[in-house]
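Worksheet: one structure, shown below.
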Amino acid sequence: MPDKITITRYAYTKMHLYAKLIKSITESPLECYGYLTAERDKDDGIATDAIIPVQQYVTTSSCTVNPDSELRTIEQIRSDNRKIIGWWHSHGDHPTFHSTTDVENFSRLSSMLYSHNQLTVETERVQWKETEHKAEWINNDSRTLRIRDPQNLDRVIEIEIEETRINQPNVKNITSKRKIKKGFAYSVVVNSLDEEPYGEIKQESSEDTIVEPKIVIVDDDRRVRTKEIREICNDIRGKIKSDIASSNPPPERLEEILNEIDTNHHQISASSKNRTTKLEQRIKYKDLNYTKAIRKFYISETKSIARIAKILSGDFYQDNKRTYFWKDRITEVRKVMKDTKYSVADVDMLSRIIKRNRYASRRYRTQIEDIFLKLKCQT
Numbered sequence: 011m012p013d014k015i016t017i018t019r020y021a022y023t024k025m026h027l028y029a030k031l032i033k034s035i036t037e038s039p040l041e042c043y044g045y046l047t048a049e050r051d052k053d054d055g056i057a058t059d060a061i062i063p064v065q066q067y068v069t070t071s072s073c074t075v076n077p078d079s080e081l082r083t084i085e086q087i088r089s090d091n092r093k094i095i096g097w098w099h100s101h102g103d104h105p106t107f108h109s110t111t112d113v114e115n116f117s118r119l120s121s122m123l124y125s126h127n128q129l130t131v132e133t134e135r136v137q138w139k140e141t142e143h144k145a146e147w148i149n150n151d152s153r154t155l156r157i158r159d160p161q162n163l164d165r166v167i168e169i170e171i172e173e174t175r176i177n178q179p180n181v182k183n184i185t186s187k188r189k190i191k192k193g194f195a196y197s198v199v200v201n202s203l204d205e206e207p208y209g210e211i212k213q214e215s216s217e218d219t220i221v222e223p224k225i226v227i228v229d230d231d232r233r234v235r236t237k238e239i240r241e242i243c244n245d246i247r248g249k250i251k252s253d254i255a256s257s258n259p260p261p262e263r264l265e266e267i268l269n270e271i272d273t274n275h276h277q278i279s280a281s282s283k284n285r286t287t288k289l290e291q292r293i294k295y296k297d298l299n300y301t302k303a304i305r306k307f308y309i310s311e312t313k314s315i316a317r318i319a320k321i322l323s324g325d326f327y328q329d330n331k332r333t334y335f336w337k338d339r340i341t342e343v344r345k346v347m348k349d350t351k352y353s354v355a356d357v358d359m360l361s362r363i364i365k366r367n368r369y370a371s372r373r374y375r376t377q378i379e380d381i382f383l384k385l386k387c388q389t
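Quick note: the sequence shown uses this note's numbering, first residue 11, plus one each step.
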């Protein structure tokens, strides 16, 4: 099964054009919703186009699609000899991630796609100690198998195969190679700020979701031209409804937007080749001083302070979902602070770091000052 999201430059550009043009047309960072499509007879897992449904109602924090509209759009895609292989949407000016609603929507959509959107994969029977278990290649180009730990079904074990050598001492034998078809679906979240897209992959007959897979942008022979940008503007006016009046962005702004997306595409391609730490991938803010400072403090010897640094950077989970909202971070920090002793130096350093984040310092000043007052009382 795919362990990365592969999308053509053309489809990547269109997703971002919808996200940025709706902001230019309405002068408001509205959300929007659409599908990733591919040719019906292709099974390479490459998304080659991004479209929007016939009709949707949007705000700065939500988008609603009428079921009839969704059905008409799906029928149109099929009549064009294409298929849906994923879902994309914009978060306006908000960070790129999956909200609780996004998780529910992706589960619903992926279950609809599995029977129409399949890849051929190879499975094996792995003899683990004295019993056999079904395993699956992580992808068709890999020599790595994935099985569930027989002693702990919540744990997944990866078995690397190098010629005749197996890296798991508990594995006795691997037999019965056969090909089967399994469904999959992509989800990609973009925004109007040119931040790195967020992605997830769901697979048929698997409870596991691949979170933040590598997003690979491939070139094809299609390019978005100025004429098509105008068509996308008309698409937005005709298919996307909101309570905000629309306007006509000047022609030069359309070219600027296309150049911004093209520049961002090259930056994302470069970053995918030079991945650094998970922390650097996840921090979504552009305050460089804050990013450098929080990264340094992230590996503090004081475990609770290191935990607080992770939370403040957005690197923490609630109900198995990563959370970026500051109000949730502050609530989580208060939990960590409970009944813990800190040094004066730790508190002073953390105080200086968090004040470097302009957004947090401005919007949540009172709550942050309250946190540091309590921290100082615990030194």
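Idealized CB from N, CA, C, for every residue including glycine.
Residue i versus the options, residue with shortest Cα-Cα distance
| i | options | result |
| --- | --- | --- |
| I56 | P39, D229, C73, A29 | D229 |
| T16 | D103, I242, L46, T341 | L46 |
| P63 | R317, L268, V343, K249 | K249 |
| E265 | E205, L123, L31, W97 | L31 |
| T58 | P77, T18, E205 | T18 |
| H54 | Y28, S79, K348, K14 | First, the residue type needs correcting, since residue 54 is Asp and not His in the sequence shown. Ranking the options by Cα distance to D54, first place goes to K14. |
| L40 | V221, C73, I61, N91 | C73 |
| G44 | I242, S89, K384, N91 | I242 |
| I87 | W98, H26, I61 | I61 |
| T219 | S120, S252, E379, N258 | S120 |
| R344 | A319, I381, T111 | I381 |
| T69 | C42, N76, D78, T83 | C42 |
| V113 | N244, K212, E379 | K212 |
Under the three-state DSSP convention, the category residue i falls into
| i | result |
| --- | --- |
| I35 | helix |
| E205 | coil |
| A60 | strand |
| L40 | coil |
| S117 | helix |
| T219 | strand |
Nearest-angstrom Cα separation, counted from residue j out to residue i
| i | j | result |
| --- | --- | --- |
| L81 | A48 | 18 Å |
| Q65 | E85 | 14 Å |
| R240 | K52 | 29 Å |
| F116 | K24 | 20 Å |
| H104 | S71 | 8 Å |
| P207 | L27 | 13 Å |
| G209 | V354 | 40 Å |
| R92 | R50 | 4 Å |
| D338 | K237 | 44 Å |
| M347 | T376 | 17 Å |
| V357 | K384 | 10 Å |
| I35 | S257 | 5 Å |
| E342 | I321 | 7 Å |
| R263 | S79 | 31 Å |
| Y20 | D231 | 9 Å |
Residue burial classification, residue i (beta-carbon count within 10 angstroms, cutoff 16)
| i | result |
| --- | --- |
| S197 | buried |
| R317 | buried |
| A255 | exposed |
| K224 | exposed |
| E37 | exposed |
| K251 | exposed |
| E270 | exposed |
| T110 | exposed |
DSSP bridge partner residues for residue i (one or two, in chain order)
| i | result |
| --- | --- |
| H26 | None; H26 has no bridge partner. |
| F194 | Q213 |
| K14 | K224 |
| Y20 | Looking at the DSSP assignment, Y20 forms no beta bridge with any residue, so it has no partner. |
| I94 | T47 |
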